[in-house]
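**Student:**
In our numbering, the protein residues as written are 994 to 1432.
1) Reducing DSSP to helix, strand and coil, say where residue 1176 ends up.
2) Just how far apart, CA to CA, sit residue 1356 and residue 1401?
3) Which value, in whole angstroms, describes the spacing of the CA atoms of residue 1372 and residue 1249?
4) Starting from residue 1149, follow its DSSP beta bridges and name the residues at the other end.
5) In terms of DSSP beta bridges, what is residue 1254 paired with?
6) Could you tell me if residue 1147 is buried or exposed, where buried requires 16 or more neighbouring beta carbons within 10 angstroms of its beta carbon?
7) Can you grab the Cα-Cα spacing for the pair residue 1095 / residue 1397, in whole Å?
8) Taking all protein chains shown into account, do 16 or more other C-beta atoms lie within 10 angstroms of the C-beta of residue 1277, making it buried, or fewer, making it exposed?
9) Based on Cα-Cα distance, which residue from 1325, 1141 and 1186 lies nearest to residue 1198?
10) Assuming the contact rule is C-beta atoms closer than 8 angstroms, residue 1052 and residue 1077 should be a hit. Round their C-beta distance to whole Å, please.
11) Helix, strand or coil: which one does DSSP assign to residue 1397?
12) Look up residue 1210 in the DSSP assignment and give the residues it is bridged to.
13) Looking at the structure shown, is residue 1289 part of a helix, part of a strand, or coil, going by DSSP?
14) I'd like to know whether the C-beta atoms of residue 1303 and residue 1322 end up nearer to each other than 7 angstroms.
15) Kindly list the residues whose CB is nearer than 7 angstroms to the CB of residue 1350, restricted to its own chain and excluding five residues on each side of it in sequence; keep chain order.
16) Here's a check: name, in chain order, each residue in its chain whose Cβ is nearer than 7 angstroms to the Cβ of residue 1399, leaving out the five neighbours to either side.
17) Around the C-beta of residue 1242, are 16 or more other C-beta atoms found within 10 angstroms, so that it is buried, or is it exposed?
18) Does DSSP put residue 1115 in a helix, a strand or coil?
19) Measure from the alpha carbon of residue 1215 to the alpha carbon of each residue in 1375, 1422, 1183 and 1358, then state which is nearest.
20) Can you tell me where the beta strand (DSSP E) holding residue 1386 begins and where it ends?
21) Less than 7 angstroms between the beta carbons of residue 1359 and residue 1327, yes or no?
22) Among 1213, 1121 and 1081, whose alpha-carbon lies nearest the alpha-carbon of residue 1099?
23) Which term fits residue 1386, buried or exposed, when burial requires 16 or more other beta carbons within 10 angstroms of its beta carbon?
24) Taking the alpha carbon of residue 1204 as the point to measure from, which residue in 1212, 1345, 1132 and 1151 has its own alpha carbon closest?
25) Is residue 1154 helix, strand or coil by DSSP?
26) With a threshold of 16 other CB atoms inside 10 Å of the CB of residue 1256, please say whether the residue is buried or exposed.
27) What ranges does the beta strand (DSSP E) occupy inside the segment 1303 to 1369, keeping only unbroken runs of at least 3 residues that lie completely in it?
28) How close, in whole Å, do the beta carbons of residue 1178 and residue 1222 come, if the pair is a contact with beta carbons under 8 angstroms?
29) Going by beta carbon distance, what residues of the same chain come within less than 7 angstroms of residue 1259, once the five residues before and after it are set aside?
30) Please return the same chain residues whose Cβ sits closer than 6 angstroms to the Cβ of residue 1318, not counting the five positions on each side in sequence.
31) Can you name, in chain order, every residue of its own chain whose Cβ lies under 8 angstroms from the Cβ of residue 1124, other than the five neighbours on each side?
32) Could you spell out where the alpha helix (DSSP H) holding residue 1105 opens and where it closes?
33) Measuring alpha carbon to alpha carbon, tell me which of 1180, 1128 and 1166 ends up nearest residue 1409.
34) Taking its Cβ as the centre, do 16 or more other Cβ atoms sit within 10 Å of residue 1228, making it buried, or is it exposed?
35) Apart from the five residues just before and just after residue 1145, which ones in its own chain have a Cβ nearer than 6 angstroms to its Cβ?
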């Protein structure tokens, strides 16, 4: 990707004065007319040069007046604004939609900049930044505080070790990580979660405990008996899980939780080992996506020719029609079934859509998440990260998968029920074997 220069984008000219930035309203350099004085034009040029030389670009957010602030408060406010400015500028220059989803991006800085500047810690700062980003309603644009960014890079995160899903309007444990604190304490799939530290769970849950932090969890077990457990958060790997086993009739089950170099190599080895298998069931239900580079190679494993993967469109550019990569492909020829759910996102949705449109696979389960944009990560001044959508995507048939109500529809819908989960039944897998048993 090209790295563009820092360009003043505000309708105001900014002057750097000591430790604060002051603004001269209504004197846009971009619109300076010939009848302006030479001195004023020179002043605008100087402001532009100062901006171009800054390590962090300047947003239209009001600057902090440091007079009267304690030194640590002034330092914190200026540090906050450097991070805020960097996020605002990256979105302003590189976001795939030049219209910012009809959001007034200039006005957003004026609204959220002061909140970011006043933030007392990283949590409050990134809450303000992500509130601004949230205006875009974009699945792949989000700012990660330094601690979260470190977790992403290390592929480790402090967790109790169980997954949750809303089923029949209740929060239900769907999976327990082997060897995790939850596993050791006896938590089981199918348990209902009533509260965490005395607070009922909201419509969205995304807890980020510190390592060794203790949380009091209130459950109802498989017999609806109350169970209260104090679970200590421990570092658990977030690397994609992989699983392979042979089912009845020689059908091979492959659980694939990501699209990365390691998962691509694993899939390749499994396909070589099971080249003669009559069918594959590929489980994408917990697959959040990954890199399009590996995605294109992994799609290529199932074809003996190059196939279209779809169109990726960058900001104000013609779409780039991408194809699968066949170099080293196993050319697996057996039947394929894909299991999907609302947890299947991004590259997992593209993989499903391409194989579905090529009539290469049957999709079983539930509609995918509808979170399909190409993004990349940018480092921020405080070692946080910004994940930013830089390309839109449409399938080879022209379907846009991003957004609420979109995603990939299964060919065979299956309803997930609490009773099945508690009974240990996998209706999706049962439906897959039923489809494969048909001639």
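Cβ atoms here follow ideal geometry from the backbone N, Cα and C, with glycine treated the same way. Predicted, not measured: the structure shown is a model, and the values here were computed from it.
**Tutor:** By the coordinates alone:
1) Residue 1176 sits at position 183 when you count from the first residue of the chain shown. In the structure shown, residue 1176 sits in a helix (DSSP, three-state: H, G or I).
2) Taking the chain shown and counting its residues from 1, one reaches residue 1356 at position 363. Taking the chain shown and counting its residues from 1, one reaches residue 1401 at position 408. Spanning the two alpha carbons is a distance of roughly 9 angstroms.
3) What you label residue 1372 is simply residue 379 of the chain shown in a count that begins at 1. What you label residue 1249 is simply residue 256 of the chain shown in a count that begins at 1. Rounded to the nearest angstrom, the two C-alpha atoms are 28 angstroms apart.
4) Position 156 of the chain shown, counted from the first residue, corresponds to residue 1149. DSSP lists 1230 as partners of residue 1149.
5) What you label residue 1254 is simply residue 261 of the chain shown in a count that begins at 1. None; residue 1254 has no bridge partner.
6) For the purposes of this step, residue 1147 is identified with residue 154 of the chain shown, where counting begins at 1. By the Cβ-count criterion, residue 1147 is exposed, with fewer than 16 other Cβ atoms from all chains shown falling within 10 Å of its own Cβ.
7) As a first step, residue 1095 is located in the chain shown; it is residue number 102 there, counting from the start. As a first step, residue 1397 is located in the chain shown; it is residue number 404 there, counting from the start. Straight-line measurement puts the Cα of residue 1397 at about 17 angstroms from the Cα of residue 1095.
8) Position 284 of the chain shown, counting from 1, holds the residue named residue 1277. Residue 1277 should be labelled buried.
9) Position 205 of the chain shown, counted from the start, is the residue given in the question as residue 1198. Of 1325, 1141 and 1186, the residue nearest in Cα terms is 1186.
10) Mapped onto the chain shown, residue 1052 falls at position 59. Mapped onto the chain shown, residue 1077 falls at position 84. Sure, about 6 angstroms apart at Cβ, within 8 angstroms.
11) Your numbering for residue 1397 matches position 404 in the chain shown. In this structure, residue 1397 counts as coil in the three-state DSSP scheme.
12) Position 217 of the chain shown, counted from the start, is the residue given in the question as residue 1210. Beta-bridge pairing links residue 1210 to 1189 and 1222.
13) What you label residue 1289 is simply residue 296 of the chain shown in a count that begins at 1. Here residue 1289 sits in helix by DSSP.
14) Taking the chain shown and counting its residues from 1, the one referred to as residue 1303 is at position 310. Taking the chain shown and counting its residues from 1, the one referred to as residue 1322 is at position 329. No, Cβ-Cβ distance for residue 1303 and residue 1322 is not below 7 angstroms.
15) On the chain shown, residue 1350 is found 357 positions in, with the first residue counted as 1. Here the set comprises 1388, 1389 and 1390.
16) Within the chain shown, residue 1399 is the residue found at index 406, counting from 1. Closer than 7 angstroms at the Cβ level, and outside the excluded window around residue 1399, lie 1363 and 1393.
17) If you number the chain shown from 1, residue 1242 lands on position 249. Residue 1242 counts as exposed, since fewer than 16 other C-beta atoms from the protein chains shown sit within 10 angstroms of its C-beta.
18) Working through the chain shown from its first residue, we reach residue 1115 at position 122. Secondary structure of residue 1115 (DSSP, three-state): helix.
19) Here residue 1215 corresponds to residue number 222 of the chain shown, with the count starting at 1. The closest CA to that of residue 1215, considering only 1375, 1422, 1183 and 1358, is found on 1183.
20) Here residue 1386 corresponds to residue number 393 of the chain shown, with the count starting at 1. First-last of the beta strand (DSSP E) with residue 1386: 1378 to 1387.
21) Translated into the one-based positions of the chain shown, residue 1359 becomes position 366. Translated into the one-based positions of the chain shown, residue 1327 becomes position 334. At a Cβ-Cβ threshold of 7 angstroms, residue 1359 and residue 1327 do not count as neighbours.
22) Translated into positions along the chain shown, residue 1099 becomes position 106. Comparing Cα positions, the closest option is 1081.
23) As a first step, residue 1386 is located in the chain shown; it is residue number 393 there, counting from the start. With 16 or more other Cβ atoms within 10 Å, it is buried.
24) Residue numbering aside, residue 1204 sits at position 211 when the chain shown is read from its first letter. Comparing Cα-Cα distances from residue 1204 to each of 1212, 1345, 1132 and 1151, the minimum goes to 1151.
25) For this step, residue 1154 is matched to residue 161 along the chain shown. Residue state, collapsed to three classes: coil.
26) Residue numbering aside, residue 1256 sits at position 263 when the chain shown is read from its first letter. Of the residues assessed, residue 1256 falls on the buried side of the cut-off, its CB having 16 or more other CB atoms within 10 angstroms.
27) If we require 3 residues or more, the beta strand (DSSP E) runs fully inside the segment 1303 to 1369 come out as 1313 to 1316, 1328 to 1333 and 1355 to 1358.
28) Translated into the one-based positions of the chain shown, residue 1178 becomes position 185. Translated into the one-based positions of the chain shown, residue 1222 becomes position 229. Right, the Cβ-Cβ distance comes to about 5 angstroms (below 8 angstroms), so this counts as a contact.
29) Numbered from 1 along the chain shown, position 266 holds the residue referred to as residue 1259. Within the same chain, and ignoring the five residues on either side of residue 1259 in sequence, the residues whose Cβ sits closer than 7 angstroms to its Cβ are 1235.
30) For the purposes of this step, residue 1318 is taken as the residue at position 325 of the chain shown. Excluding the 5 residues flanking it on each side, residue 1318 has same chain C-beta neighbours closer than 6 angstroms at 1289, 1290 and 1293, in chain order.
31) Taking the first residue of the chain shown as position 1, residue 1124 is located at position 131. If we look at residue 1124 and ignore the five residues flanking it on each side, its Cβ neighbours are 1105 and 1108.
32) Residue mapping note: residue 1105 aligns to position 112 of the chain shown, counting from 1. Element bounds for residue 1105: 1098 to 1110.
33) Taking the first residue of the chain shown as position 1, residue 1409 is located at position 416. Cα-wise, what sits closest to residue 1409 is 1166.
34) The sequence position of residue 1228 within the chain shown is 235, counting from 1. Around the Cβ of residue 1228, a 10 Å sphere holds fewer than 16 other Cβ atoms; the residue is exposed.
35) Residue 1145 sits at position 152 when you count from the first residue of the chain shown. A distance below 6 angstroms between beta-carbons, with the five flanking residues on each side excluded, links residue 1145 to no residue of its chain.
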